[in-house]
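*Asks:* All letters in the sequence shown, in the order written, are residues 14 to 253 by the working numbering. Note that beta-carbon positions come from the ideal geometry of N, C-alpha and C, so glycine has one too.
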Amino acid sequence: MTDTPWVSLFSGGKDSSWALYRALEAGHPIERLVTVHPEGDSYMYHVPATELASLAAESIGISLLNVRPEEFDTGAATDASEQGDREIEPLERALETLNEEQRIGGVTVGAVESDYQNARVKAMCDRLGAELFAPLWHENPTALAHSMLEAGFEITIVQVAAAGLDESWLGRTLDEQALRELRDLNDRYGVHVLGEGGEYETIVTDGPHMTHPIELEYDTEWDGQRGRLLLTDAWLGGTR
């Protein structure tokens, strides 16, 4: 085990939160969370509710580095591959700066099945000379979801965009009943149980690695096929 500081790519969603949790369980010295805030749709990153990452970081007790959308230069991209390459650039520049201050020993990522994301993060880690920790990679999606719930994660669905996921899913807690319905939707429509294809997005509002739960107030936006939460307020609740 190295004492060289690690960073964790962190959106506040369930997958990056589970990767962070597993890294902490394994004893990796995570000293910085890094949140990328895309503007509009992104091939590389979780998009909705990333503004809640700062509250999550405060509850977790690890400092947060934000990479802002104005740092992107994707306008000239001609295809998805080039856009992914451009989207990783500001993240890599931010980590290079950290690496110059104190060498980064490793990077955690919450990729499950996306070679598009995982390959680019792996190549970035190779260039930085850092280890990649991807504990969700190619694991069974249903087993992963059960593990998150058994560990005590409280997960709220903040965006949906797939057949079978209607407005009633917005703000819903991802629990065992929701997982049963998602498995049925997977059989009927091919909806990924963990939403790996962007079918739904989440925020972790509480967990064993957090000292305060995140409380939310919101409205909803629904266009008949897809929708999202419109956050009106968010704060940390009382200490457990």
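1. In three-state terms, what does DSSP make of residue 201?
2. In or out: residue 221 buried (at least 16 other Cβ within 10 Å) or exposed?
3. To the nearest angstrom, report how far apart residue 28 and residue 210 are at their CA atoms.
4. Taking all protein chains shown into account, do 16 or more other C-beta atoms lie within 10 angstroms of the C-beta of residue 114, making it buried, or fewer, making it exposed?
5. Measure the alpha-carbon distance for residue 133 versus residue 73 and round it to whole angstroms.
6. Could you compute how far the alpha carbon of residue 14 sits from the alpha carbon of residue 40?
7. From the DSSP output, in three-state form, read off residue 181 for me.
8. How is residue 219 classed by DSSP in three states: helix, strand or coil?
9. On the three-pair Cβ rule with 8 Å, is the region 217 to 233 touching the region 161 to 170?
10. Am I right that residue 231 and residue 184 are in contact with their C-beta atoms under 8 Å? What's the rounded C-beta distance?
11. So, is residue 156 buried or exposed, given that buried needs 16 or more other C-beta atoms within 10 angstroms?
12. Give the range of the beta strand (DSSP E) segment to which residue 245 is assigned.
13. Alpha carbon to alpha carbon, how far is residue 76 from residue 253? Give it in angstroms, no decimals.
14. Which two residues bound the contiguous alpha helix (DSSP H) that contains residue 133?
15. Grab the span of the beta strand (DSSP E) containing residue 35 for me, first residue to last.
16. For residue 243, count neighbouring C-beta atoms within 10 Å of its own C-beta (all shown protein chains included) and say buried if the count is 16 or more, exposed if not.
17. Helix or strand or just coil, what does DSSP make of residue 253?
18. So residue 17 packs on residue 142, CB below 8 Å; how close in whole Å?
19. Can you name, in chain order, every residue of its own chain whose Cβ lies under 6 Å from the Cβ of residue 30, other than the five neighbours on each side?
20. Could you check whether residue 126 and residue 151 sit closer than 9 Å to each other, using their CB atoms as the reference points?
21. Check for me: the beta strand (DSSP E) holding residue 121 runs from which residue to which?
22. Between which two residues does the alpha helix (DSSP H) carrying residue 73 extend?
23. Can you find the residues in the same chain that come closer than 8 Å, C-beta to C-beta, to residue 262, ignoring five residues on each side of it along the sequence?
24. Measuring alpha carbon to alpha carbon, tell me which residue in 164, 24, 159, 203 is nearest residue 191.
*Replies:* With the given structure in hand:
1. Residue mapping note: residue 201 aligns to position 188 of the sequence shown, counting from 1. In the three-state scheme derived from DSSP, where H, G and I count as helix and E and B as strand, residue 201 is classed as helix.
2. Position 208 of the sequence shown, counting from 1, holds the residue named residue 221. Looking at its Cβ environment, which holds fewer than 16 other Cβ atoms inside 10 Å, residue 221 is exposed.
3. Numbered from 1 along the sequence shown, position 15 holds the residue referred to as residue 28. Numbered from 1 along the sequence shown, position 197 holds the residue referred to as residue 210. Approximately 13 Å, taken between the alpha carbons.
4. Translated into positions along the sequence shown, residue 114 becomes position 101. Result: exposed.
5. Counted from its first residue, the sequence shown places residue 133 at position 120. Counted from its first residue, the sequence shown places residue 73 at position 60. One C-alpha to the other measures close to 27 Å.
6. In the sequence shown, the residue the question calls residue 14 occupies position 1. In the sequence shown, the residue the question calls residue 40 occupies position 27. Residue placement at residue 14 cannot be trusted, given a pLDDT of 47 that sits under 50; the coordinates are not used to answer.
7. On the sequence shown, residue 181 is found 168 positions in, with the first residue counted as 1. Of the three classes helix, strand and coil, the one that applies to residue 181 here is helix, per DSSP.
8. Taking the sequence shown and counting its residues from 1, the one referred to as residue 219 is at position 206. Strand at residue 219.
9. yes
10. Your numbering for residue 231 matches position 218 in the sequence shown. Your numbering for residue 184 matches position 171 in the sequence shown. That pair is a contact at about 7 Å.
11. Reading the sequence shown from its first residue, position 143 is the one you call residue 156. Of the residues assessed, residue 156 falls on the exposed side of the cut-off, its CB having fewer than 16 other CB atoms within 10 angstroms.
12. Translated into the one-based positions of the sequence shown, residue 245 becomes position 232. Run containing residue 245: 240 to 249, per the beta strand (DSSP E) assignment.
13. Walking along the sequence shown from the start, residue 253 turns up at place 240. Walking along the sequence shown from the start, residue 76 turns up at place 63. Caution is warranted here: a pLDDT of 49 is assigned to residue 253, below 50, making its placement in the model unreliable, and the coordinate value is therefore given only provisionally. Near 21 Å, if we compare the C-alpha coordinates of residue 76 and residue 253.
14. The residue labelled residue 133 in the question sits at position 120 within the sequence shown. 128 to 141 is the span of the alpha helix (DSSP H), which, as asked, contains residue 133.
15. Working through the sequence shown from its first residue, we reach residue 35 at position 22. No beta strand (DSSP E) holds residue 35; the alpha helix (DSSP H) holding it covers 27 to 38.
16. Here residue 243 refers to the residue found at position 230 of the sequence shown. With fewer than 16 Cβ atoms within 10 Å of its Cβ, residue 243 is classed as exposed.
17. Within the sequence shown, numbered from 1, the residue matching residue 253 stands at position 240. Any reading at residue 253 is ruled out, since the residue's pLDDT is 49, under 50, leaving its predicted position unreliable.
18. The sequence position of residue 17 within the sequence shown is 4, counting from 1. The sequence position of residue 142 within the sequence shown is 129, counting from 1. Not confirmed; about 10 Å, so no contact.
19. Against the sequence shown, residue 30 aligns to sequence position 17. These residues qualify, in order along the chain: 217.
20. Within the sequence shown, the letter at position 138 stands for residue 151. Within the sequence shown, the letter at position 113 stands for residue 126. Yes. Within cutoff.
21. Your numbering for residue 121 matches position 108 in the sequence shown. Taken as a continuous stretch (DSSP letters only), the beta strand (DSSP E) holding residue 121 covers 119 to 121.
22. The residue you call residue 73 lines up with position 60 of the sequence shown. Segment 66 to 73, the alpha helix (DSSP H) holding residue 73.
23. With the chain covering only 14 through 253, there is no way to say anything about residue 262.
24. To locate residue 191, count along the sequence shown from 1; it is residue 178. Closest option to residue 191, Cα to Cα, is 159.
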